[in-house]
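Residue numbers (the numbering used here), protein chains in the order written: chain Z, 52 to 166; chain B, 2 to 115.
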C-alpha cells in the first residue's frame, strides 16, 4: 500500500540554524500539507500546497518557513533560522482530490529538537 | 471556524470491554469529521470519516462512530478492546476556511489493561 514517507525521523539542531524536512507524498496525490505538534499540544496546520504554490497557510507559517516541491516526488519544509519554540513533531500529509471529504494520508513525522 | 473538542485526555479500559472516546464538534454547517489514530512512533492513520452519507460510520479494526447533529457529537466506539488498540486517538474536522486543512482535537490517550 502506498504511504507517505518523511526524512529524517529525528533532527537535532542549534538555534539559528537552517533545517530542511523532507517528505515523499503518495505518487498520484496533488495536495500536500505540513502540520506540527509541539509536545503536549494538539496537531496544528502549517501550510497547504497545490499546483506548485501555497494555497493556504496558518499564522504559524511566517517568513521563517518555506515549502518547495523541487521535483516530481519530494515536498520539503525549510525553517531558515530555527528557534527553540520550533521544537516539535512535523507531519507531512497528502491527498488526491481537493474536496472536504478527501482523506489526508500522513507520514510518520520528523521530530525536530532545537537546542 | 470548524473545531472539535475531545472530552477526555486519557481513557483506560480493560481488554475485552467496550471503548468510548468522546468528541464534540462546532460547525456552522454540515461538517466533515474524521478519527485518526497514532500508535507510538507511527504516523497518523485514518480510522474512519463522516461524509454525510450515513450517520453511523464503520471504520477499520472494529471501530465505529455515530454522527449526532442534535448533540453535535461524533463519539468513537468499539465493542471489545484489544491490547493493540492502545494508542493516541484524534478527532478531526475539515476546515473549509483554510482549504480543507484539518483541525485536530487535543487527542485522547487510550490505555488497555490486561
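Every residue gets a Cβ at the ideal spot worked out from N, C-alpha and C, and that includes glycine.
Report back the beta-carbon spacing between residue i and residue j to the nearest angstrom; my notes put them in contact at under 8 Å.
{"i": "residue 114 of chain B", "j": "residue 16 of chain B", "result": "7 Å"}
{"i": "residue 29 of chain B", "j": "residue 4 of chain B", "result": "Incorrect: roughly 11 Å between the Cβ atoms, too far for contact."}
For residue i, which residues of its own chain have a beta-carbon under 6 Å away from its beta-carbon, when the five flanking residues on both sides are left out?
{"i": "residue 129 of chain Z", "result": "71, 117"}
{"i": "residue 105 of chain B", "result": "91, 93"}
{"i": "residue 40 of chain B", "result": "88"}
Suppose you measure from the CA of residue i to the CA of residue j; what does that come to, to the nearest Å?
{"i": "residue 73 of chain B", "j": "residue 95 of chain B", "result": "15 Å"}
{"i": "residue 7 of chain B", "j": "residue 164 of chain Z", "result": "28 Å"}
{"i": "residue 167 of chain B", "j": "residue 112 of chain B", "result": "Past the edges of chain B, shown from 2 to 115, lies residue 167 of chain B, and the structure says nothing about it."}
{"i": "residue 145 of chain Z", "j": "residue 66 of chain B", "result": "24 Å"}
{"i": "residue 12 of chain B", "j": "residue 100 of chain Z", "result": "36 Å"}
{"i": "residue 69 of chain Z", "j": "residue 115 of chain Z", "result": "9 Å"}
{"i": "residue 32 of chain B", "j": "residue 79 of chain Z", "result": "26 Å"}
{"i": "residue 85 of chain Z", "j": "residue 2 of chain B", "result": "20 Å"}
{"i": "residue 20 of chain B", "j": "residue 70 of chain B", "result": "21 Å"}
{"i": "residue 119 of chain Z", "j": "residue 84 of chain B", "result": "40 Å"}
{"i": "residue 141 of chain Z", "j": "residue 90 of chain Z", "result": "11 Å"}
{"i": "residue 43 of chain B", "j": "residue 103 of chain Z", "result": "28 Å"}
{"i": "residue 99 of chain B", "j": "residue 38 of chain B", "result": "23 Å"}
{"i": "residue 55 of chain B", "j": "residue 162 of chain Z", "result": "37 Å"}
{"i": "residue 87 of chain B", "j": "residue 123 of chain Z", "result": "37 Å"}
{"i": "residue 58 of chain B", "j": "residue 51 of chain B", "result": "6 Å"}
Quick one: residues in its chain with C-beta nearer than 7 Å to the C-beta of residue i, no 5 flanking neighbours on either side, listed in chain order?
{"i": "residue 111 of chain Z", "result": "95, 97"}
For residue i, I'd like the list of residues in its chain whose CB is within less than 8 Å of its CB, leaving aside the five on either flank, ordered along the chain.
{"i": "residue 102 of chain B", "result": "95, 96"}
Give a yes or no on contact between the stretch 145–161 of chain Z and the stretch 45–60 of chain B, applying the rule of three or more CB pairs nearer than 8 Å. Touching, yes.
Inter-stretch contact (C-beta, 8 Å, three-pair minimum) for the stretch 131–151 of chain Z and the stretch 64–83 of chain Z: A contact between stretches requires three or more CB pairs, one per stretch, nearer than 8 Å, and the stretch 131–151 of chain Z meets this requirement with the stretch 64–83 of chain Z.
Does the pairing of the stretch 100–112 of chain B with the stretch 79–92 of chain B give three or more beta-carbon distances under 8 Å? Pairwise C-beta distances place the stretch 100–112 of chain B in contact with the stretch 79–92 of chain B, as three or more of them are shorter than 8 Å.
Between the stretch 98–110 of chain Z and chain B, which residues of the former have CB atoms less than 9 Å from a CB of the latter, in chain order? Of all residues in the stretch 98–110 of chain Z, 98, 99, 101, 106, 107, 108, 109 have a Cβ within less than 9 Å of some Cβ in chain B.
Short of 7 Å Cβ to Cβ, which residues in the stretch 45–59 of chain B face chain Z? Flagged, chain order: 45, 47, 50, 52.
Compile a chain-ordered list of the residues in the stretch 81–95 of chain B whose CB is closer than 9 Å to at least one CB of chain Z. Listed by position along the chain: 91, 93, 95.
Near-chain B residues of the stretch 77–97 of chain Z - C-beta to any C-beta below 7 Å: The residues in question are 84, 93, 94, 96.
Return the residues of the stretch 147–162 of chain Z that lie within a Cβ-Cβ distance of less than 9 Å from chain B, sorted by chain order. Contact residues of the stretch 147–162 of chain Z toward chain B are 149, 150, 151, 152, 153, 154, 155, 156, 157, 158, 159, 160 (C-beta to C-beta distance below 9 Å).
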